[in-house]
Each structure stands twice: as C-alpha cells, then as structure tokens.
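These notes concern the structure reproduced below.
Numbering (my numbering), first residue to last: 8 to 519.
This is the structure:
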C-alpha cells in the first residue's frame, strides 16, 4: 500500500484481501460527541479524520451552515446534489454521511479514536479508489462490484450509496456472506468503510477539535493558515507504505482486471478503464471480474492457508518487486537518458555490462542462460516451494525477464541511437512512478502531486517540492475536472501505452 504510486496510477484495477490486526487504532472526525455505530468511515491518520471534525450544519435558516448548506438555505438531505455541496469543496462533502441531523453538535467538532477489538478482514481496492472523480478511479466499484446501482449525482458523489451497497453485500445475507468487515480505499490518505463500528471497535478517546477561525468549516477552510499543508504532510509520510504492520495484503491470491482483457481498455490519456458498454459480450466479461472478486472473498483464509501450506512458504512479492526496482530503476533511467558519460556506444555497452556482469560466464557466453540467471535472481529457485500459477508470480517474472532480455539485447546493438531507443522503450513500458519522485526537497517541503481533490495537470506530469498546500476551494484544483463524477462511457479501446497487459505499470501497489 503505497500512497505515491497509487496516487499517480490512480485508476486501480485490482482487488485484494487485507488483514488488519487486533489493537490497531483508527480515527474518525465528526460533529458528534458520542461514539459512532453502524456504517461509517475510519482514517489511518488523525490529520485525515480531523478534516471532518467540525460543527454540524445546524437546524437551517440563515447563517453559513456546513457543507451543502449555504447562506439562507434550509437543511438538505445527505443525498444532496453536487451543486449544493461546494461551500468547502468536494473533500468536505461526505463527512457524517450516515449520521442523523439531530445527533450533531452545532458548536464543535470531535476527533474520535477507535481500536480494533478483533482482527479485521477487508476488501482492498487499489489506486485512488476513494476519489470521487470521472477519470476512472471509481470504475472497479461502480462498474464491477456495483454495476448500475450508483447515482454519482447523489450526495457525497454517490459515496454514501457505495458504502451502503458494499456493506449490504458484505453482510451474511449478501453475496459476500459476512466474509469481510469493510472496504479499504485511498484518497488523501487510506481509509476504511467500516460496516459495523459497534461489532469490531472500542473507543479509545473522543476529543473536541480545534475550530477554524471562521468557526464553521474544517481547519483551513476559511483561509488555510497552514492546515492544508499539515494534512498533506501526513499524507506524504505514507508515500512509501502505511507502516507498522497495520495492514497485510495477500499478494498471492488477488484479482486484477488486467487478466480479463475484454473487460478493460486504455483511454485517450493512456490510463486503464473498465469497459462500460451494454452489449452482452462486455457485460459477460466484466461479470467475470465481479465473480472473481466474489470467489476471492468467499475462498476464506483457511482455504488460502492450506494452499500456502501445500506450497510450503509464501513469497513476499512486494519485497521482491521492491528489490527489482531498487536494483534497476536508477540504472535504467541513466541508460535511457543517454546523459553523463554515455556519449559513445562503447561507454553505453560498458554500463550495460556492469548491470549484467553477475550473470555472465565470460568463459562460456550463453545469452539465454545469462537472461535466465538474471531473471531468477529474486525468484526462489526451488519452484516446488512456489505457486507458479499465481498472478503475482506470472507478473513479476514477466517483468524481470523483460528487463533482463532488454539489457542483454542492448549489448548486441551496433549503434548508440538504437541502444538508447531500446532503453527508452523499456522505461516507457515499466512506467515506474519512482522516476517521478522529487529529489532534494527540504525538511519543510513535501513532494506534491495530484491527490483528490487537489492538484493540477502539471503536478501530475512533474511533481515538485512544495512547502505550502491550500485546502481552500479553487486554490489547488484543475487535474480532477471539478471532482465528483460518474464513470465516463468508453471512447473506444484506445492505444495501449507500449505494452499489452499493463504489468509494467505500478498499479496502485508499485507492482512493476
């Protein structure tokens, strides 16, 4: 779970089973001083929850009110229209989406801290799956899990409906038969849609939150005063992982829409989407993805454990991918740039040779064996101990083999321009988000990139170091086309950006 990679590859196409251990603390911001029961949101970071720790919107009439409650308006139902939800911007429109109006405090906001009383089993949807955007972030939920059930023009960009419907099918009477406790997603921070607060959580503390100077909105909504950057700093702290074993993902038995090519396409921006046509063939293929997710959920941990025991030891695929990236990212970037000392073919070949040297027997050259050794470096050699049928195994071995084969081929190229093209194509194929990381940010700065609902197109193309971020509406927008929106009908299959299945892309989880 990587905030940085998931933010750039925001159209998640994969679903995982996630485990949260007993005793993990979560946070919830609200206008309610009493503990929350039923279905609501939990944040992993307190700064994320504090955005919603603000006063309720009040009984109506005059005054500024809360989100979706402009001057002089009466009270609105929670399923309000987008046009009625802009006072504090889209990030603030779904706070307390399940709470009755009479439960809210018109004077203060509160930060609740909860602790899990049992381990949680969650469905994790990768990418920025909590971003209420028309760019494709909601495709897995609205077109695969809940086809035809969500009205994105409803309150909170349809998110109350998403939570209601996913928790409905998660219950024992639903399709998922009580096998998951909620849904794990990401926007500006990781969050959980918890289907039963009272069943799995105990209260640690409930504290009155600091008010903004305007008194009604969340901290920073009336001029920011550094609160937006404080929130974004907490988000950036999780760029490389959520930390401390708070979540464990099952990488060996996940579902990705990339293995159902007739259910996906690449849009005009080069991003993956779920097909939204109504013809029978497309509906059947998308339905196969839906069924695969249901089967993954129903398979259960006991059955998964037995399968892992049969293969003796599971593989830490995230760790394997991390080692591949750490070994090759800088070298591929350098070779693809043609900069530095790479001014001649001899210098280029020498650099490639250094990368492959551990895998070459210089007394008996064999390109096939050299590529196999290079590919096998991070994969267990005793395949009896590894399940070679899993998506994780197939994807990882395909990528490392492609890297090794490309480097080996570059040694035989007879012109520098051709050699550079090989490495530039490899870099484009992999599309590792590590190549977009800022370098040299100062202690008071973070690497800023679009995370819903803030950011501009140029921030996506080239994230940069910044020491200030505002949460004021209109200050940081542009990339997300105004925020809330439905999945767009497909414009056609598009052009796949340099490869067939997207394995080189980091998806939401930096799985190159």
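No residue lacks a Cβ here, since even glycine has one placed at the ideal position from N, Cα and C. In this text the structure is predicted, and so the values were computed from the model without any measurement.
Distance CB(residue i)-CB(residue j) smaller than 8 Å
i           : j           : result
residue 147 : residue 19  : yes
residue 241 : residue 54  : yes
residue 47  : residue 124 : no
residue 423 : residue 201 : no
residue 300 : residue 151 : yes
residue 185 : residue 194 : no
residue 285 : residue 398 : no
residue 52  : residue 233 : no
residue 415 : residue 363 : yes
residue 42  : residue 210 : yes
residue 387 : residue 328 : no
residue 303 : residue 262 : yes
residue 418 : residue 359 : yes
residue 235 : residue 476 : yes
residue 368 : residue 141 : no
Beta-carbon separation (whole angstroms), residue i vs residue j, contact threshold 8 Å
i           : j           : result
residue 130 : residue 24  : 7 Å
residue 188 : residue 128 : 6 Å
residue 133 : residue 21  : 5 Å
residue 3   : residue 62  : Here the chain comprises residues numbered 8 to 519, so residue 3 is not present and cannot be evaluated.
residue 204 : residue 347 : At roughly 56 Å, the Cβ-Cβ gap does not stay under 8 Å, so residue 204 and residue 347 are not in contact.
residue 9   : residue 181 : Contact doesn't hold; Cβ gap of about 30 Å is too wide.
residue 136 : residue 192 : 4 Å
residue 258 : residue 325 : 6 Å
Contacting residues, own chain, Cβ-Cβ under 7 Å from residue i (five flanking each side not counted)
i           : result
residue 486 : 457, 462, 463, 464, 466, 467
residue 57  : 36, 118, 216, 226
residue 473 : 452, 453, 455
residue 471 : 445, 455
residue 335 : 410
residue 330 : 385
residue 393 : 318, 322, 387, 400
residue 374 : 415
residue 237 : 54
Which residues DSSP lists as bridging residue i, in chain order
i           : result
residue 215 : 117
residue 263 : 21
residue 459 : In the DSSP output, where bridge partners are listed per residue, residue 459 has none listed.
residue 130 : 24, 190
residue 471 : 455
residue 255 : 26
residue 200 : 48, 190
residue 280 : 272
Three-way DSSP call (helix, strand, coil) for residue i in this model
i           : result
residue 273 : strand
residue 137 : coil
residue 375 : helix
residue 406 : helix
residue 484 : coil
residue 36  : strand
residue 48  : strand
residue 123 : strand
residue 386 : coil
residue 207 : helix
residue 465 : helix
residue 249 : coil
residue 59  : coil
residue 174 : helix
residue 161 : coil
residue 151 : helix
residue 426 : helix
residue 81  : With a pLDDT of only 31 at residue 81, under 50, the local geometry of the prediction cannot be trusted, and no value is derived from it.
residue 184 : coil
residue 369 : coil
residue 353 : helix
residue 43  : coil
residue 326 : helix
residue 411 : helix
Sequence-distant residues of its chain with Cβ nearer than 6 Å to residue i (five each side left out)
i           : result
residue 172 : 153, 156
residue 411 : 378, 381, 382
residue 269 : 292
residue 138 : 144, 194, 459
residue 343 : 430, 431, 434
residue 60  : 36, 116, 117, 118, 216
residue 349 : 355
residue 190 : 130, 173, 200
residue 33  : 49, 121
Cβ-based neighbour list, residue i, same chain, cut-off 8 Å, excluding 5 preceding and 5 following
i           : result
residue 421 : 352
residue 207 : 123, 124, 125, 127, 188, 201
residue 443 : 15, 456, 469, 470
residue 305 : 183, 184, 186
residue 295 : 267, 270
Interface flag, residue i vs chain D, CB-CB below 8 Å
i           : result
residue 444 : Of the protein chains in the structure, only one exists, and it is not chain D.
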